[in-house]
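K.L.:
Residues in the sequence shown are numbered from 29 upward in steps of one, following the numbering used here. Just so you know, even glycine gets a beta-carbon here, dropped at the ideal spot from N, CA and C.
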Amino acid sequence: MSSLILCSVLALVLAAFVIRPFWRVADKPYFSSDRSAHVFDESLALLESIQELEQDYKMGKISEGEYQSLANDFKREYLEVKHAGPRVSF
29 MSSLILCSVL ALVLAAFVIR PFWRVADKPY FSSDRSAHVF DESLALLESI
79 QELEQDYKMG KISEGEYQSL ANDFKREYLE VKHAGPRVSF
């Protein structure tokens, strides 16, 4: 009889641990999803610009000096966007 009660209590405790995550309120996210999406979109656009600039240079559409100047500007802007990154929200 006592083993039946012990098994029942153990089953209830186990069920509580299994079901608990489903009733838990979601935690506040560390990063603002709007900010993360904006940073991702902007950084992707800058990377595509760098790639397009490189293709233009290889095809001879722009000079080496112009390529270096524009590539450095795009890379600097990319690093600034990535460095600013998503802000932690408390």
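Roughly how many angstroms lie between the CA atoms of K26 and L72, to the nearest whole one?
P.N.:
Residue 26 lies beyond the residue range present for the chain, which begins at 29 and ends at 118; the question has no answer from this structure.
K.L.:
Taking DSSP as the reference, what is the three-state secondary structure of R52?
P.N.:
Here R52 sits in coil by DSSP.
K.L.:
Leaving aside the five residues before and after A99 along the sequence, list all residues of the same chain whose C-beta is less than 7 Å from its C-beta, in chain order.
P.N.:
If we look at A99 and ignore the five residues flanking it on each side, its Cβ neighbours are I78, L81.
K.L.:
Output yes or no for whether 8 Å exceeds the beta carbon distance between L74 and V109.
P.N.:
In contact: L74 and V109 (Cβ atoms closer than 8 Å).
K.L.:
Expressed to the nearest angstrom, what Euclidean distance is found between the alpha-carbon atoms of E76 and P49?
P.N.:
Their Cα atoms are separated by approximately 42 Å.
K.L.:
Would you report the Cα separation of L32 and V41, rounded to the nearest angstrom?
P.N.:
Approximately 14 Å between the Cα atoms of the pair.
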